[in-house]
Amino acid sequence: TQAEVQEMIQKHLNKIKEIKHSVEVNNRITEKEKADVMEIFSALVRCIERSQAELLKVMEEKQKVAERQAEEFIKDLEQEVTELKRRNTELEQLSHTEDHLHLLQIYPSLCSPPHTQDWTDVTINSYRSMGPSERIKIQETCYKEIEKLIEIEMNTVQQYA
């Protein structure tokens with residue numbers, strides 16, 4: 042009768058209130074979880090950016106070392122070229138000299154080859170700082186971190202499901 046209908050209305054109103062409250066609680070939990078996820082991903086991005094900066098710094102330092110080494114090699118080679126040109130000029134002048142006594146006096150020094158470094162095995166390595174294996178390691182590390190985050194999120198979602 043009327044009392045039963047009123048009781049049903051009250052139960053329905055209470056259920057509506059309960060559902061609305063659940064929605065509000067869910068919304069607050071979701072907002073907090075979204076903030077947590079944003080914080081976690083921000084930390085991940087900072088970690089990646091820090092690792093990137095460190096890797097770039099190492100690569101630049103290696104490049105600078107290679108450049109300094111190349112500059113030293115070039116400087117030494119240029120000095121040897123200058124010395125060889127001077128020696129060549131002396132030999133050219135002596136080939137036209139009429140002073141045979143002078144030629145005999147300096148002949149021993151002319152016979153000995155000029156002192157130069159053996160440059161045949163000297164190279165500047167044009168290696169890659171980051172080859173395929175390093176690239177794969179970096180990608181795997183990033184994927185593992187992302188998988189951890191997804192697992193944390195999935196566990197959280199399952200708790201409230």
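Positions 42 to 202 (my numbering) are the ones given, in order, by the sequence shown. Yeah, the Cβ is synthetic: ideal placement off N, Cα and C, and Gly gets one too.
Simplified DSSP assignment, three categories, for D203: Nothing can be reported for residue 203: it is not among the residues displayed for the chain, which extend from 42 to 202.
Own chain partners of L144 with C-beta closer than 8 Å, once the 5 adjacent residues on each side are dropped: Only L135, T138 meet the Cβ criterion.
For I165 and E124, the rounded distance between their alpha carbons: 24 Å
Distance CB(E186)-CB(L85) smaller than 8 Å: Their beta carbons are under 8 Å apart, which means E186 touches L85 by this criterion.
Distance CB(V78)-CB(E194) smaller than 8 Å: yes
Anticipated Cβ contact below 8 Å, E74 with T197, distance rounded: 6 Å
Alpha-carbon spacing of C183 relative to L97, whole angstroms: 17 Å
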